[in-house]
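Worksheet for the structure shown next.
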Amino acid sequence: MRRLFSALTLALTLLLLYPLLPGWAFLLSGVLAGPALLYEPLGYLFLALLGFLLAYYRPSSVYPLLALSFGIIYVESVHLADRKAPLIHYIVLFTSVFLAVPLYYLLLFASSFLPSLNNTAVAGLLLVSVYVLLYAVLKG
301 MRRLFSALTL
311 ALTLLLLYPL
321 LPGWAFLLSG
331 VLAGPALLYE
341 PLGYLFLALL
351 GFLLAYYRPS
361 SVYPLLALSF
371 GIIYVESVHL
381 ADRKAPLIHY
391 IVLFTSVFLA
401 VPLYYLLLFA
411 SSFLPSLNNT
421 AVAGLLLVSV
431 YVLLYAVLKG
């Protein structure tokens, strides 16, 4: 059941990435993401590639943020499935990562009063910083 959840988040990630990336980048990210179900470090490589490609092509909407969010959930759900973590860990992961979506809209509102900011980039950086913070807290 846990691997099914990971596969579902992978499918949602790739579904969100399809209109955002050109064909070769989409295929490369899919090739790296698939085997991550079996070999965990490939998932982190996929996540780094995903962040690079989304920063390089700069699609500006909430979809890249959702794709990055589902990518983080995918990689971490593979990690949690390997450790046979309880359900509460999945719930904490899901809610903490998706707090980036209201943050995106808050930054979108605030950007009308601030100097020019790329909202998706700032929200993505905050998403990654919240992820690193929670990772450090849960590991410590």
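Heads up: the sequence shown begins at 301 in my numbering, then just goes up one per residue.
For glycine and all other residues, C-beta sits at the position ideal for the given N, C-alpha and C.
Excluding five sequence positions before and after Leu349, the CB atoms of its chain that fall closer than 8 Å to its own CB belong to Leu328, Ser329, Leu332, given in chain order.
A distance below 9 Å separates the beta carbons of Ile372 and Leu347. Tyr339 sits in coil when the DSSP states are folded into three classes, being neither helix nor strand. Exclusion of the five residues before and after Ala325 leaves Leu353 as the residues of its chain whose Cβ lies within less than 6 Å of its Cβ. In the structure shown, Arg358 adopts coil according to DSSP, grouped into three states.
Residues of the same chain with a CB within less than 7 Å of the CB of His389, apart from the 5 flanking positions on each side, are Leu380 in chain order.
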